[in-house]
Amino acid sequence: GNSVTQMEGPVTLSEEAFLTINCTYTATGYPSLFWYVQYPGEGLQLLLKATKADDKGSNKGFEATYRKETTSFHLEKGSVQVSDSAVYFCALSSGGSYIPTFGRGTSLIVHP
Amino acid sequence: GAGVSQSPSNKVTEKGKDVELRCDPISGHTALYWYRQRLGQGLEFLIYFQGNSAPDKSGLPSDRFSAERTGESVSTLTIQRTQQEDSAVYLCASSQIAGNTEAFFGQGTRLTVV
Chain L
1 GNSVTQMEGP VTLSEEAFLT INCTYTATGY PSLFWYVQYP GEGLQLLLKA TKADDKGSNK
61 GFEATYRKET TSFHLEKGSV QVSDSAVYFC ALSSGGSYIP TFGRGTSLIV HP
Chain Y
1 GAGVSQSPSN KVTEKGKDVE LRCDPISGHT ALYWYRQRLG QGLEFLIYFQ GNSAPDKSGL
61 PSDRFSAERT GESVSTLTIQ RTQQEDSAVY LCASSQIAGN TEAFFGQGTR LTVV
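Quick note, the sequences are listed as chains L and Y, same order.
Per the working numbering, the first sequence starts with residue 1, numbered consecutively.
Per the working numbering, the second sequence starts with residue 1, numbered consecutively.
See the structure below:
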């Protein structure tokens with residue numbers, strides 16, 4: 001079956017630091033990959049996505065590259081801000097399963 | 001509608017009572033999902049609808065949980081004889097088709113069983 005593994009948090013950084021949150025997956029078929037973000041007190045919203053190998057999804061300074069050979073979709077940002085503090089979920093969706101599968105979430109805390 | 005709408009946003013109920021949680025998906029979205037998120041935890045899949053049928057109910061934690069969807073639109077998640085361990089945020093999401101597409105989430109219903 002499908003599964004997503006992401007690094008445990010919390011990740012605590014100072015403002016303007018470099019961010020990496022690791023995500024690896026196993027899937028049947030050829031999945032689409034997603035990062036969702038959940039800001040405090042809010043619902044999940046899509047941050048970025050990639051639908052095929054070597055695609056790079058990007059949004060709000062965040063990037064992630066679909067690596068089929070390593071089954072990974074790591075999230076990166078060159079310079080985080082306090083406003084990026086949130087919980088980040090890696091997810092996949094494939095025609096074989098029909099049900100979006102989520103990682104456990106990684107809490108990011110950015111200090112001024 | 002413009003987005004996925006869930007109601008109520010908050011619900012406090014006494015142990016042993018029944019509760020109904022409602023989800024209005026985005027118009028035209030055929031796939032609908034319910035997840036549960038306990039405090040500080042990830043998303044736990046509960047049930048998936050394709051149209052009005054539920055091909056996968058494997059995530060429902062017990063027979064106290066049930067869900068239905070009518071008119072390929074509104075869905076209701078019902079929890080009977082609530083227990084304290086049912087306290088969580090219940091999230092609904094919809095997508096245009098099942099598989100390979102992004103899911104759009106509602107704000108969730110925070111259920112507290114006292």
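Beta carbons are placed, not taken as given, at the ideal position from N, Cα and C, and that holds for glycine.
Could you check which residue in the options has the C-alpha nearest to that of residue i?
i: Y/Phe105; options: L/Ile99, L/Leu46, L/Val11, L/Ile21; result: L/Leu46
i: L/Asn2; options: L/Ile109, L/Thr106, L/Phe102, L/Ser107; result: L/Phe102
i: L/Phe18; options: L/Val37, L/Asp55, L/Gly78; result: L/Gly78
i: Y/Asn52; options: Y/Thr76, Y/Leu60, Y/Phe45, Y/Leu91; result: Y/Thr76
i: Y/Gly59; options: Y/Ala98, Y/Cys92, Y/Tyr35, Y/Gly42; result: Y/Tyr35
i: L/Glu106; options: L/Ser14, L/Ser85, L/Thr51; result: Checking the displayed sequence, the identity of residue 106 of chain L turns out to be Thr instead of Glu. Closest option to L/Thr106, Cα to Cα, is L/Ser85.
i: L/Tyr25; options: L/Arg104, L/Pro112, L/Leu108; result: L/Arg104
i: Y/Gly28; options: Y/Tyr90, Y/Thr112, Y/Ser94; result: Y/Ser94
For residue i, list the residues DSSP reports as bridge partners.
i: L/Gly1; result: Paired residue(s): none; L/Gly1 is not in a bridge.
i: Y/Tyr78; result: Residue identity differs from the one stated: residue 78 of chain Y is Thr in this sequence, not Tyr. Looking at the DSSP assignment, Y/Thr78 forms a beta bridge with Y/Glu20, Y/Ser66.
i: L/Glu63; result: L/Ser58, L/Glu76
i: Y/Asp56; result: Y/Tyr48
i: Y/Arg110; result: Y/Asn10, Y/Val89
Mind reading off the beta-carbon distance from residue i to residue j? Whole number of angstroms is fine, and I expect it under 8 Å.
i: L/Leu92; j: L/Pro31; result: 4 Å
i: Y/Gln80; j: Y/Arg64; result: 5 Å
i: Y/Arg38; j: Y/Ala88; result: 5 Å
i: Y/Lys11; j: Y/Thr109; result: 6 Å
i: L/Tyr88; j: L/Val37; result: 6 Å
Distance, Cα to Cα, residue i vs residue j?
i: L/Lys60; j: Y/Asp18; result: 42 Å
i: Y/Gly40; j: L/Glu69; result: 32 Å
i: Y/Ala67; j: Y/Thr13; result: 19 Å
i: Y/Leu32; j: Y/Pro8; result: 18 Å
i: Y/Gln96; j: Y/Thr78; result: 24 Å
i: L/Lys56; j: L/Met7; result: 20 Å
i: Y/Ala73; j: L/Ala27; result: Here residue 73 of chain Y is Ser; the residue named in the question, Ala, does not match the sequence. Cα to Cα, Y/Ser73 sits roughly 29 Å from L/Ala27.
i: Y/Pro61; j: L/Val80; result: 38 Å
i: L/Tyr66; j: Y/Ala98; result: 21 Å
i: L/Ala50; j: L/Phe34; result: 7 Å
i: Y/Val4; j: Y/Lys15; result: 28 Å
i: L/Val110; j: L/Ser83; result: 8 Å
i: L/Tyr39; j: Y/Ala54; result: 30 Å
i: Y/Leu46; j: Y/Glu85; result: 15 Å
i: L/Leu44; j: L/Ser94; result: 19 Å
i: L/Ala64; j: Y/Val114; result: 42 Å
i: Y/Gln83; j: Y/Glu20; result: 14 Å
Return yes when at least one heavy atom of the ligand COA lies under 6 Å from the C-beta of residue i, else no.
i: Y/Tyr33; result: Ligands in the displayed structure: none, and consequently the ligand COA is not present.
Of the residues that make up the stretch 39-64 of chain Y, which ones have a beta carbon closer than 8 Å to any beta carbon in chain L?
-> Gln41, Gly42, Leu43, Phe45, Tyr48, Gln50, Pro55, Asp56
Taking a cut of 9 Å between CB atoms, which residues from the stretch 89-109 of chain L lie near chain Y?
-> Phe89, Ala91, Ser93, Ser94, Gly95, Gly96, Ser97, Tyr98, Ile99, Pro100, Thr101, Phe102, Gly103, Arg104, Gly105, Ser107
Closer than 9 Å, Cβ to Cβ, to anything on chain Y: give me those residues from the stretch 42-58 of chain L, in chain order.
-> Glu42, Gly43, Leu44, Gln45, Leu46, Lys49, Thr51
Residues of the stretch 74-94 of chain Y with Cβ closer than 8 Å to any Cβ of chain L, in chain order | Those would be Leu91, Ala93, in chain order.
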